[in-house]
Structure formats: C-alpha cells, structure tokens
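Encoded as structure tokens, the structure appears first; notes follow it.
Protein chains in written order, with my numbering: chain Z, 1 to 568; chain X, 1001 to 1568.
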C-alpha cells in the first residue's frame, strides 16, 4: 500500500507543480506501443516514474547524453546459485546488464539447507538494489534416488508464502508426479494455484501437456524446439526462451518471436555462470542476439519487460510510464542492447548503491559434512567386465547410456584410458549417511588426477571424476577443507581450486574474483587432460537423475529412463 | 483455491485417461496466438477447459456444427443499471451476446442506496451464469452540488473490499480531486492501489495526465480522440474503447487497434440500453463493427478477451486453453461475430441455466420519496427576462450554456415555444430535503405536456421537462405512484410509462418486456412533440454536473465550467 504522503508527492511531481526528485533528460524513450524513439524527459519520484513525454524540473537532473531509455529487463527464471556468487554479488554482477527484476528459484540452496536457505535468499532479496523475487522450490529433493540435505513439504512452503518477495511455486519439474496425481505434488499446486505456478516440462506434448496445464501450470522454460514452444503458447502457456551456459534454446525458439507473438514469450537464463556473464552478458546478450537473428526490436524489448510483467502479475512495471517502477535501462544503441546505465526503482545502479546495501550474514558455512575418504573407497566392486558407462555429450546435460567392457579383476571393474573411461563417484556430503555411489564415465579426456565439485544438481553431494583413486580421495577430502567448491588434483597435489563455502555452492568473493578464479581452474583441468569446454559444468550435471539417460547419485548409477538405480 | 479432488479430475480428463465432463466437437478453434482456425475438440471439466488440440471422449458431447470457437468476451466497463433491468435480466440479455465476464460499476444504485445497493449487486453477481465483477463506486455523490441518496466514504468501500466479486475501485471520475490531492479521494486510491484503480479522464492530457497516472490509475474509457487515446496508451494506460448508447467512440478509436497495439486496448459499453442491445447487440456489435472498419480479426478478438484478462488480473481466462475458465463463444462467422451459442464457466447459457439461478430479492422498492408537487412548484422566479438556458446537442451528453431572453412577468420567467425553450426541473426524491431545482432547456421540441424520469445521473433525482406546469406536476407525482421510471404526460393524463421500481432505476420485468415498453414510450414522447431520438437518455444526463457546460440539479442550474450553482 502506498502511503498518502507518497501519493501526494507523486501527483505533484507528475503534474510538474513540484520539482521531481530526479529527472533524466536528453534521452530518447523507446515506446513499447509504437516502437518510436521520442526525445523526452523522464520524471522520477522516489522509486516511481511520474512523468514521461513532458519537460520537467528536478532537484537532481541527469543528462543522458542522447541515449535510449528502455524498461528494465525481467529475467523470468534463473538460479542465482549458478552464478557461483551470493545474491548480493549476483545483484552487482547482473543489474549492470539491465536486469532490474529477476525471478529466481533457490532450488540449489534449498536442496542443501531447506527453508534456512530460502530464508537467506528472502533476506538477501530485501537488501538488494534489483528486485529479486523468489519462487519457492517445489521439488526438494528432486527424486527418491538420492540423498539431499533437506526435504520441503507443502507446510514448509506455506510458512514462507506470504513473504513480500515470494511470487509463487517454482518450476514444477516433477511433471510425471503431476500427471500421476502424486498427493505431495498436488498439495503444493493446491497451495499456490492462486498465485504463480511455474512449469518445467521438457518435451511434454499432446494430451499429457493438457493434463499438466489443467492442473494450473502457466509457463515453461524447457521448450527446446519451435514446434514444441508453439504448441505450448497455443495452449495458453507463457514460454520463457532460455539461453543459459548449458542449455541454449534461443537459436531454435528465437524465430517464433514477433510483435504478434510477443504477448506469449519471455526470456530467461536459468543457469548462467560468471565467466559467460562477464564475456557475453546476461539478458542484454539474449536481446541483442534475438535482434541479430531478425527479431524486431519492439518484440524483443516487449519480451524482456512488458510480457513478463503481465505474465507474472508484476503490474507495477514493464513500461517506462507514470505510476510504474522507475526500472530504466539507458542504452548506447537499441539493436546492440549496449547498456550504459541502469536505474532500479529510481536508484542508479552504481558502486555507491551496492555499497549502501545492508549486509546479510551467509549461511551454510559448515554444509560440507562428507566422510573422510581414502583411495580404497573408489574401488568399484562388480560381477563382470561389461556394465553401464555414462557417455558425456559435450555441451549438453543429457547423457548416453553406454554399456562397455572395462578391465575387470578380482571382483572390481576399473578405468580404461584407451576408451577415455574414467571413474565417477558421488559422495554424500550432508552428514546424513556417508553414501558413496560409484560408476564410470566416458568423454572427459582425463589423463591423470581428478576433478571434484560440491555443486552437483540437484542434491549437491560431492561429485568426483578421476583416473586415480588416491587423487579422487585427495580431491574429495580437500573440498571438506575448503568448505565446498571446485578442485583439480594430480599426483596428490591440489593444482587449482575455487572455494564455494556458502552451502558448498557460492563464493564469499566478488563476482570478478570468481570469474578470475575460473580461468586457472579450467587451465588446470586441461592440464590433466580434460577436453571439455566446461568440465565443471559437465560434472555438476552428472548427478541430476531427472535428465536422461544415465546419471549417478550417492545411491549409485541411475537409469533415468527406467527411473531405477543400477548395480555395477 | 482449487480443491484436490477437482485438480485430480482436471488432470485425468485433460490427459484423456478419464472421460471429460463435456466435449465440444466438430468446431474450429480460433487461435489467439496465430489467428489460425484449427479443427479440434475442446474438453471441459466442470467450469474449466482441460484439453484443446486433441480428440476427447466425453460423458456429454455437443456437436458444434463446424462453428468457430472464440474465448468469451470481457466487457471492461459498464453500468448494469443503464440496461434498465436487474443484474439477473442483464445476465439473460447480454450473456447470449458472448459477454461471459462484465466489469461493472454499480454507480447508479450506489447513489440511491449506498452500500445496500452495492451489496445487492454483489449478491446478484454470485448467482449469475456470467461472471459479473464489481468495481466499487469511487465518487458517491459525484459532486457537492446535488442531493444524492447516499454517501460512500473509504470505510464503506473497505468493508466490501474482500468480497470475491469485488475487483477494485471504479472509475475515478473526480480527476480534479485527484490532482488537487483531495484527502477523501486519496484515501480511496490508497485503499485500492494494490488491486485495481479504474480511470475516467476525458480530455486529460500532458503533465496533468501524468499526475493522475502517478497516483496509480491504470485505465481509461473516456478517450474520444485517437491522439488522446494514443497518448494514454504510450503512458501505460489500458484504453477501453467505448461504444455505448450515448457515447460512441469506436469510429474514432477503432483505427488505433492492430495486432501490435492489441495488448493495450480493450472494449467496453459503459451505458447501453435494452433497445440498442436488442437491435445491434452488445460487445459482439463492437467486434463486428471494428472488423468491418478494417481491424484485423486477431486484434479485435484479443482486445475482447486476452487483453482485458491480463489488464485486470483475470489470469484464469482470456484464451480457450487447458486450465482456464470454460468461457467459450461459438460463432457462425468470425468477421460478423454472429453468436450461436455461449458457455460461461462450462455452463451452456440457455434458458434452463438462467432458470436455475437462485433468485435475489430486489432492493430499493420504496426509494422514491419525492414531495407531492403542484403546478405552482414549477414557476420559475427570476429577476429579469435574460438568463441561462441549457442547450441540448442531440446525441451528446455535453450541453451548450445559452443565455436567452424569455417571457418575463411579475418576477417569473416562462417557457418560449417559439424558441423551443421548455422548463426543466429536478425534484429531490431521496426523502432528504424536497429540493426543487428549476431552469430552462432548449431543444426537446415539446409542444405540449411533460416527460419525467427518475433516472438522472448521477444522483438520480426526478428530472422533468415540460411546457405545462400542471402536466409536469402530474408526471412527477405519477413517478411516486409507479415507484420510479419514465413517464409521458399530456393534458393531465399519462400517455405512456415504464415503471422502474428497483431503486427507481431498474425494472422488475424481463429485458424483452422492457425493450418492448420503450417503443410506445418513445412514440408518446414524439406525440407531444419530442424531436430527439432518445428523449429519455437526454433527460437522464441533464442533471450530471460533471459534464460541461450547463446542467441542472436539485440545487438549481449548474455552470459546470465554473463548478457553481447559478441563480435564475
């Protein structure tokens, strides 16, 4: 509710009978109605635009140097944790790319810390310059075939429902559960049906898609084909075109986006790592890429602001207009989406604004509770030489389910460098059972040593890939020392590391420091033979047992198609 | 909140693993995304669509004879009272024209009965087949220069705010009050700013429009010029293109409506009388007229359903899609918008459905509490022959402020048939003070007798126009006998009448009976000389002191431009 005194100031400043708090002048406003670029002032009172298309006097006036003003961008689905930094650093990193609103699912920290992790995000969100909204994680744990750090039932989510930063229920990934009318899943849908129900339905089509939508699910960010996305929007879904670090759908879905279809399409990044944000950008990258593909600028900017505002009920934004939030991006050019300056709720997104934010104490600093392991823990007991091997597909999170003959002796299967087959293990690290799942993976190219990560979707146990059992043990044990992160080990020595002590997922450092640290880490991985562009991303998705075809959890290797744990 | 068992049925029926409650088959679905016409079944579970673009089995199947299915129409602003029938009859009258949702402002009954009148509408709304939503009347009384039957302060409105049929605050007509930061006005804006604030800002432009929008107002139905409407949508307003019985804006605003601008434009009827609904139609008339003007069918149908659904937060409708309300209109042809059959929330809008509605007891049956008048009450005391005369402009509600010399003797001014000047009086009828405001009007053409009406915006006192003081008294007194309505009198006898006993505004009869009764009423008015097409509509807007330039209330003649009551 807006206080009377605030209303009065807005009215007076909008009419121009009082000086505006802030006036942006010497700019061209990109009109989301007609696509025109019109020279005008923008008057701002507090956090709200109060005047456009008029000249204004202001207590503070910023000359925008003829730049173009567009409404702040809204990222409709992402996981802050994938940026490897805290929400505060995410804000510093992404807001300068024009993202004034981000709808996040704290799914990773929720799998480690449960409601405590979500509360950390809510508390952080309240302190940020950008408007970070939280959809509550709907599927924690993701499956019954892994050990997560927490379990969130509908009561846990209901306790958080009324927080002002909570938007609704996050990606309902368990679509088989919805279709099978799983009581726990339906309880969550029932509880959040009147607010927001985010979807997640890769390849779901036809009558099963209808059944999923009939439950009230309203959007999807997992469409990978244009025909799939078109079916979904014709059935009333808002489709969020995703371009993350791993999943890249813009090339296939971009051609769908026109002025006519813009009311049905948004953008999202889902998972984007700090190096890619630094090198390519964030939503600004999606916008300029879409325009370069031939999408009309009017359609691209509507999909980045107006459509998500209406689709998610954020009626106080989406356009630069009197009465709406002063979320404004100043561009050097429209087609290139080169961001010069950003205002979020009337605040200029500069280092002073970031420095003025209240700090929020990090949580989960002791979340790595893995057993101490030795080389012997990575011997893989088996009954024969032939067995399952995960086949990596570079740049994708789906894997091949291979069946290969490996060296076998005295009841143990072993690696086979000739076939590029290494060992992979998942070590439970939430202090619950000390499980170790063991298996094999083909495609990393490792010649020596091991790499390990405490980021491992979605349960975030420790995943280690290696060709030397002793180095695998060193890598896992070192993650306990640094409280989680990424590490590269060879011949018993740590070659490179990135500590991620916040729940084993996020750094306490700046996003610049994290991006910088990733460079030697990648180099070290390459030095021991890794041939993949993003070895740590590929490691992080090995334990995700909801993505076909063969994965591994602390329970063991998982045949995702059969939804069962395999024996080695 | 949707109950678990309902969710389960929707999922199963949507997937096609259970028979749907209802299947519409042999139809072509008009796709609001692409504009394609696609043969498909539509599966419905209870009040909700659960399947499209698939074949379905149903417990009940309706062969739609190859007709075209479009989403139910949403009228974004209207006054039910202007149809002269109760909400129940309005439902029967308008739903068959495809209007499955109507957003109404019970402004007229609120001015007579206050909160009791609004509660009658809320209770009625809960019983209807269509979804009638109520915006709470924001300006009761409209001005301080008239006697209304009630006064609604913010506390009165807050008491009704949480009713499920309440959408927000109705047309904030008092835009000068907003700009002047009137405390009562701002209190209402403060109270409803987080739900819906309907606007009403004829000709408001520039910085004053910005000030009005800065207060949070989100839409406007009073734009009469395309440039005015374009300014408003570029400033973030949703513009509701109006085509009522009196105010007709479609010809001027229609050319603005394209696929590109459809996200910003809706339709509304505001005030539409039963004869015009019977002869021309309702929103169906607006749609077909727009298309005939050259508006693309895709844009017209989006403006009739998708845009209002998003603009007013009615996220459960706006498309025919799984998970959304089964508000479906079957058309014989798309361009002509000829409605063959309508489903509202899954219920076929037929006489059986209307007959099954719970009755709601009418209110305000004793609302006419006017003093008994005589011919002497209509003598107009004045100091000289020259004075103000209301100049009627046929078909418009704005009037001319004339200054004419009239017959004058012994301290009284009188009518002048040679100049077509008759008397007009407004008799307070709420039992508060028995005020009589007197004056003169030019342009009715009356040769004898008088016509009177208890419908008189916005306070709904009795307005009488006549050339014979005794007949004026008979007409006013007869309205007390019939408990309100319209009447034509000559030589002391009632020539025709339409009783409107519900608050003096609405009939207890069917809409067909009311439309029928209007025919002899018009004929009787013509018989005594009335030359206007809609003499009773013109009478009804004579007392509206917020419309320029000269009006009359029970206080006397009102110079609207000066906002003061004049002496005769």
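Here a beta-carbon is modelled for each residue, glycine too, at the ideal position from N, C-alpha and C.
Quiz item: Is the shortest distance between the beta-carbon of residue 202 of chain Z and the beta-carbons of chain X less than 9 Å?
Solution: no
Quiz item: By DSSP, does residue 1086 of chain X sit in helix, in strand, or in coil?
Solution: coil
Exercise. Give the range of the alpha helix (DSSP H) segment to which residue 183 of chain Z is assigned.
Key: Bounds of the alpha helix (DSSP H) holding residue 183 of chain Z are 183-192.
Practice problem: Given a cut-off of 9 Å, decide if residue 241 of chain Z and residue 303 of chain Z are closer than it, judged by their beta-carbon atoms. | Solution: yes
Quiz item: In or out: residue 393 of chain Z buried (at least 16 other Cβ within 10 Å) or exposed?
Solution: exposed
Quiz item: Which of helix, strand or coil does DSSP assign to residue 399 of chain Z?
Solution: coil
Quiz item: Do we get a CB-CB distance below 9 Å when we pair residue 1388 of chain X with the residues of chain Z?
Solution: no
Self-check item: 9 Å Cβ cutoff met for residue 1380 of chain X and residue 1412 of chain X
Solution: yes
Quiz item: residue 1330 of chain X bridges to which residues according to DSSP?
Solution: X:1069, X:1341
Exercise. Establish whether the CB of residue 13 of chain Z and some CB of chain X are separated by less than 9 Å.
Key: yes
Quiz item: Does DSSP classify residue 1139 of chain X as helix, strand or coil?
Solution: coil
Exercise. Can you give me, in chain order, the residues of the stretch 1251-1266 of chain X that have a beta carbon less than 7 Å from any beta carbon in chain Z?
Key: Answer in chain order: 1259, 1260, 1261, 1263, 1264.
Quiz item: Hey, how far is the Cα of residue 445 of chain Z from the Cα of residue 532 of chain Z?
Solution: 8 Å
Exercise. Would you mind telling me which residues of chain Z sit closer than 7 Å to residue 1208 of chain X, beta carbon to beta carbon, in chain order?
Key: 15
Quiz item: the stretch 1143-1175 of chain X: which residues have C-beta closer than 8 Å to a C-beta of chain Z, in chain order?
Solution: So the list is empty, because no residue satisfies the distance condition.
Quiz item: Expressed to the nearest angstrom, what Euclidean distance is found between the alpha-carbon atoms of residue 1124 of chain X and residue 1017 of chain X?
Solution: Those two C-alpha atoms are separated by around 38 Å.
Quiz prompt | 8 Å Cβ cut-off: residues of chain X touching residue 45 of chain Z | solution = 1214
Exercise. Compare the beta carbon distance of residue 1502 of chain X and residue 1364 of chain X with 9 Å and say whether it is the shorter of the two.
Key: yes
Practice problem: Measuring alpha carbon to alpha carbon, tell me which of X:1203, X:1236, X:1063 ends up nearest residue 71 of chain Z. | Solution: X:1236
Quiz item: Excluding five sequence neighbours on each side, which residues of the same chain lie with their C-beta closer than 7 Å to the C-beta of residue 1153 of chain X?
Solution: Closer than 7 Å at the Cβ level, and outside the excluded window around residue 1153 of chain X, lie 1184.
Quiz prompt | Through-space distance from residue 1003 of chain X to residue 174 of chain Z, alpha-carbon basis | solution = 20 Å
Exercise. Excluding the 5 residues preceding and the 5 following residue 1341 of chain X in the sequence, name in chain order all residues of the same chain whose CB lies nearer than 6 Å to its CB.
Key: 1330
Self-check item: Residue-chain proximity (residue 1509 of chain X, chain Z), Cβ-Cβ < 9 Å
Solution: No - not a single Cβ of chain Z is within 9 Å of the one on residue 1509 of chain X.
Quiz item: Buried or exposed: where does residue 1001 of chain X fall if 16 or more other Cβ atoms within 10 Å of its Cβ makes it buried?
Solution: exposed
Self-check item: Contacting residues, own chain, Cβ-Cβ under 8 Å from residue 1448 of chain X (five flanking each side not counted)
Solution: 1467, 1468, 1471, 1490, 1491, 1528, 1529
Practice problem: Just confirm the distance between the C-beta atoms of residue 1507 of chain X and residue 1500 of chain X, as a whole number of angstroms; I'd bet it's less than 8 Å. | Solution: With 8 Å as the limit, residue 1507 of chain X and residue 1500 of chain X qualify as a contact, their Cβ atoms being about 5 Å apart.
Self-check item: Opening and closing residue of the beta strand (DSSP E) in which residue 197 of chain Z lies
Solution: 197-199
Quiz item: Would a check of beta-carbon distances place residue 233 of chain Z closer than 9 Å to chain X?
Solution: It does: the Cβ of residue 233 of chain Z has a partner Cβ on chain X nearer than 9 Å.
Quiz item: Name the DSSP beta bridge partners of residue 270 of chain Z, please?
Solution: Z:78
Practice problem: Using a Cβ-Cβ cut-off of less than 9 Å, list which residues of the stretch 318-342 of chain Z approach chain X; keep chain order. | Solution: From the stretch 318-342 of chain Z, only 318, 319, 320, 321, 322, 323, 324 have a Cβ closer than 9 Å to chain X.
Quiz item: In whole angstroms, what separates the C-alpha of residue 1143 of chain X from that of residue 1180 of chain X?
Solution: 15 Å
Quiz item: What are the start and end residues of the beta strand (DSSP E) that includes residue 1551 of chain X?
Solution: 1550-1553 is the span of the beta strand (DSSP E), which, as asked, contains residue 1551 of chain X.
Exercise. Check whether the Cβ of residue 74 of chain Z lies closer than 9 Å to any Cβ atom in chain X.
Key: no
Practice problem: Measure how close the beta-carbons of residue 483 of chain Z and residue 504 of chain Z come, nearest whole angstrom, since I'm counting them as under 8 Å. | Solution: Contact check for residue 483 of chain Z and residue 504 of chain Z: beta-carbon distance about 7 Å, within the 8 Å limit, so the pair qualifies.
Practice problem: On the DSSP bridge assignment, give the partners of residue 1120 of chain X in chain order. | Solution: DSSP lists no beta-bridge partner residue for residue 1120 of chain X.
Exercise. Check whether the stretch 1314-1330 of chain X touches the stretch 202-216 of chain Z, counting contact only when three or more Cβ pairs, one atom from each stretch, lie closer than 8 Å.
Key: Taking 8 Å as the limit for Cβ pairs, the verdict is that the stretch 202-216 of chain Z does touch the stretch 1314-1330 of chain X.
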